[in-house]
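Under the working numbering, think of the first position of the sequence shown as 23, with each following residue one higher.
Built from N, CA and C at the ideal position, the CB exists for glycine as well.
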Amino acid sequence: GPHVPQKGISVIKIWPHSKKMKVEEYSLNIKNDSIIIFSGTNEGAIRGIQTLRQLFVDEFHSQEKRDTWQLPIVTIKDAPKFKHRGLLLDCSRHFFEKEVIKKYIDLLAFYKMNVLHWHLTEDQGWRIAIDKYPKLTETGAWRTELDSSKYGGFYTKEEIKEIVAYAQERHITVIPEIELPGHSQAAIAAYPHLSCTGEQVDVANDWGVFKEIYCAGNDSVFIFLEDVLTEVMELFPSEYIHIGGDEAPKFRWEHCPKCQKRVKDENLKNEHDLQSYFISRIEKFLNKNGRQLIGWDEILEGGLSENATVQSWRGMEGGITAANSGHDAIMSPTSHAYFDYDLKAIDLEKVYNFNPIPAELATDKQHYIIGGECNMWTEHVPDEANLDSKVFPRILAMSEVLWSYPEKRNYEEFYNRVQYHYPILKNKGVSYGEETIPVTYFLKPSPSGSYLSLKSAHPSITLKHRFNCETCDTNFIDYNETIKVNKTGSLQIQPYKNEKKYGELIELPFSHHLAVNSTVTYNTKYSDYYTAGGIEGLIDSKLGSLDFRDGSWQGFSGDNAEITLDLGTIQEVSTISTNYYQYNNSWIFLPKEVQYSVSSDGEHYINFDSILPKKPAEERGQFIEQFTSAFETIKIRYIKIKAVNIKNVPDWHEAAGSEAWIFMDEIIVK
Ligand code: ACM
Ligand code: ZN
């Protein structure tokens, strides 16, 4: 390469023939006059070279400072803890050009990862050219967006070969993912006979889980898939082929005579068994061709096929079950490995604290956990800069989790090393994002207002804030102490680092009202995943925003929200309102009715009002609707709220029959 070695170094030697070393093991010796890498294989040598490249820190990567750089005198003996260290890159929801893929392969190599899990087919786009089925890319690679524009793209076979070869040179394995039986609407749009109904559908232009899946009763579907997989195997020499297997709604299969005949003929119990039949049949085909199958943890349902490797995403349980039954598993749980999640859910430290080996897994089963991946789904990642900001710096944490042993890891020490990587990443054209959300807040409601304290993520981050409302006219001021919020409006927070704005302006909407800090009792249970912070969540004066994961929304799955509110004393009330969220792609619907009843003694209630939604369940997009009852002032102390859940996702919906959610925040009494 172009490097000028340190003055005095006269020997650079790479010796990939050491007999006793494991595949990716290496030793790196930097002395006054020599650099020597020993390994047992070229793979090991390549990993050692990456460590050496990483030691060429900031000074080396900057033109101005290059004269002053020095290498440390070190001896490093190193080998990875896990053999499978991957990044899933979803190129279907959004398409990324060949050059972006190559950049990512370079970066994976630099951070000693060894797998690019390439997600190539989806409801929203088929991205790999298949000679035998040209419509997969002619039709299936293109979607019509809601604004009528065309979006899409695909990789030609030449491009794929180039990418695979590029990865091979760097000892990165590219594992293709061809989704089945679900997430296949783009293929069905190209070849409608592959579905249960045979009806023409469009390539999906919205996000979610869709009910059009490959028919399991139709042998021509298996012929199609075997043809596709044959061409896929010609392009990808990887031992593993990923076949998806996740999120396949069984609605069509339940209503399809061909699928039902298959259930009967094969003595299957139900549609889960049918999915298992489907996967096993594909696995036999792959095995016959010398390949191994990986599938998402849903492939456990109805019984795991013989040699399958499970990629655990709905927590660690799938991986544990697989390991306990003697199957290999790859860990990429939503809790730590989903890089499409925002920093509030998964920040750098959270990723760093990930342990792919679950505590409850017996020692003699731990070797079944072959590694992990970070999953970069791209529904909300439209371009390369956005992709970079989601993957970096978090992947540095994942690479260390997968390479090194937990007892060797120390977040503070890692954090300091990460700082040295920003100039390197900048130099490599990576638009890295932030490490964590710059500010967290704590809210303590009281009858006279809510006390809000802010905490910056790091001493170097300072905060300015102001309250913005119709009658307020405040400039930003430095945050030093708890803020009391007793107005309706929006608290705006701007973080700064080194005198520069750090991240976006944060807006926290508030409503001040009579029920703040009143006593709430629940007659139904809210979800552990969407708690709004607990029992004070609905009466803390802070309103849920348009981001349903903002921590302010309280979710009720498949059940009504039934809540009783005690204002503490008799109060004069003239409006009762509650806010609900709808985003039907994520199965969140407005209640079909909200009933308010009131009482002054807590025993005798009057059914007071019943409000129906203004917007229908079919309404797409994300929005908030207020269910308000306004009246002449009455004197009351207790209010019962019953928000009636539609219970099941309606028939017209892709996920028909699943449990519907109610999302609620806040209860506003004035
Ligand atoms: C997944 O996130 N559906 C694997
Ligand atoms: Zn069918």
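In chain order, what are the residue ranges of uninterrupted beta strand (DSSP E) at least 3 long that sit wholly in the stretch 369 to 420?
As far as the stretch 369 to 420 is concerned, its whole beta strand (DSSP E) runs of at least 3 residues are 391 to 398.
Helix, strand or coil: which one does DSSP assign to Gly-325?
Coil.
Between the beta-carbon of Ala-554 and the beta-carbon of Phe-611, is there less than 8 Å?
For Ala-554 and Phe-611, no; Cβs fall outside 8 Å.
Flag this pair as yes or no: are the beta carbons of Leu-114 and Thr-161 separated by less than 8 Å?
The sequence given here has Ser at residue 114, not Leu. Not closer than 8 Å, so no.
Taking just the CA atoms, how far does Asn-539 sit from Lys-664?
Cα-Cα distance, rounded: 20 Å.
Identify whether Arg-192 lies in helix, strand or coil by the three-state DSSP scheme.
Coil, per DSSP.
So which of Thr-504, Phe-414 and Asn-54 has the shortest CA-CA distance to His-443?
Selected option, being the one with the closest Cα: Phe-414.
What three-state label does DSSP hand Gly-174 in the structure shown?
Gly-174: strand per DSSP, three-state reduction.
Does the Cβ of Glu-269 lie closer than 7 Å to at least one heavy atom of ligand 1?
At least one heavy atom of ligand 1 is nearer than 7 Å to the Cβ of Glu-269, so yes.
Can the beta-carbon of Ser-318 be found closer than 8 Å to that of Asn-397?
At residue 318 the sequence reads Trp, which differs from the Ser that was named. In this structure, Asn-397 does not lie closer than 8 Å to Trp-318 by Cβ.
Pick out every residue whose C-beta is nearer than 5 Å to a heavy atom of ligand 2: which are they, in chain order?
Qualifying residues come out as Cys-218, Cys-237, Gly-239, Cys-278, Lys-280 and Cys-281.
Give the straight-line distance between the Cα atoms of Gly-23 and Ile-127, rounded to the nearest whole angstrom.
Interpretation of Gly-23 is limited by its pLDDT of 33, a score under 50 that renders its predicted location unreliable; no figure is taken from the coordinates.
Can you tell me where the alpha helix (DSSP H) holding Asn-438 begins and where it ends?
First-last of the alpha helix (DSSP H) with Asn-438: 433 to 449.
How would you write the range of the beta strand (DSSP E) that Trp-275 sits in, first residue to last?
Unbroken run through Trp-275 is the alpha helix (DSSP H), 273 to 276; no beta strand (DSSP E).
Have a look at Val-254, Gln-207, Gly-70 and Tyr-133 and flag the residue whose alpha-carbon is nearest the alpha-carbon of Glu-177.
Per the sequence presented here, residue 177 reads as Tyr, with Glu not at that position. When only C-alpha atoms are compared, the closest one is Val-254.
Does Ile-152 come within less than 8 Å of chain B when only Cβ atoms are used?
The chain labelled as chain B is not found in the depicted structure, where only one protein chain is given.
Which parts of the stretch 49 to 123 are runs of the beta strand (DSSP E), unbroken and 3 residues or longer, counting only runs that do not cross its ends?
Taking only runs of at least 3 residues, the beta strand (DSSP E) segments lying wholly in the stretch 49 to 123 are 56 to 61, 96 to 100 and 106 to 112.
Threshold first: 3 residues or longer. Then list the beta strand (DSSP E) segments lying entirely within the stretch 614 to 653, N to C.
Counting only runs of 3 or more, we get 615 to 621 and 628 to 633.
Can you find the residues in the same chain that come closer than 6 Å, C-beta to C-beta, to His-25, ignoring five residues on each side of it along the sequence?
Legend: pLDDT at His-25 = 46, less than 50; position of this residue unreliable, no value from coordinates given.
Any idea what DSSP makes of Ser-579, helix, strand or coil?
Strand at Ser-579.
If you drop the 5 nearest sequence neighbours on each side, which residues of the same chain put their C-beta closer than 7 Å to that of Pro-27?
Unreliable placement is indicated for Pro-27, whose pLDDT of 47 sits below 50; the coordinate value is still reported in the next sentence. Correct list, in chain order: Ile-34.
Using only the heavy atoms of ligand 1, determine whether one of them is closer than 7 Å to the beta carbon of Trp-609.
Trp-609: no, Cβ never under 7 Å from ligand 1.
What I want to know is whether the C-beta of Trp-140 ends up closer than 7 Å to one or more non-hydrogen atoms of ligand 1.
No, ligand 1 has no heavy atom inside 7 Å of this Cβ.
Say yes only if the C-beta of Trp-229 is nearer than 7 Å to one or more non-hydrogen atoms of ligand 1, and no if none qualify.
For ligand 1, not one heavy atom lies less than 7 Å from the Cβ of Trp-229.
Going by Cα to Cα distance, which pick from Asn-449, Phe-273 and Glu-269 is closest to Leu-322?
Of the listed residues, the one whose Cα sits closest to Leu-322 is Glu-269.
Which residue marks the beginning of the alpha helix (DSSP H) containing Ser-302, and which one marks its end?
Counting along the chain, the alpha helix (DSSP H) containing Ser-302 begins and ends at 293 to 310.
Closer than 6 Å by C-beta to Ser-475: which residues in its own chain qualify, once you throw out the five before and the five after it? Chain order, please.
Excluding residues within five positions, the ones whose Cβ falls inside 6 Å are Phe-464 and Thr-504.
Which residue comes first and which comes last in the alpha helix (DSSP H) that contains Phe-246?
From DSSP, the alpha helix (DSSP H) with Phe-246 extends over 241 to 257.
Taking the straight line between their C-alpha atoms, what separation do you get for Gly-266 and Lys-366?
Approximately 28 Å between the Cα atoms of the pair.
Confirm the yes/no value for this check: CB of Trp-318, any heavy atom of ligand 1, distance under 7 Å.
Yes, the Cβ of Trp-318 comes within 7 Å of a heavy atom of ligand 1.
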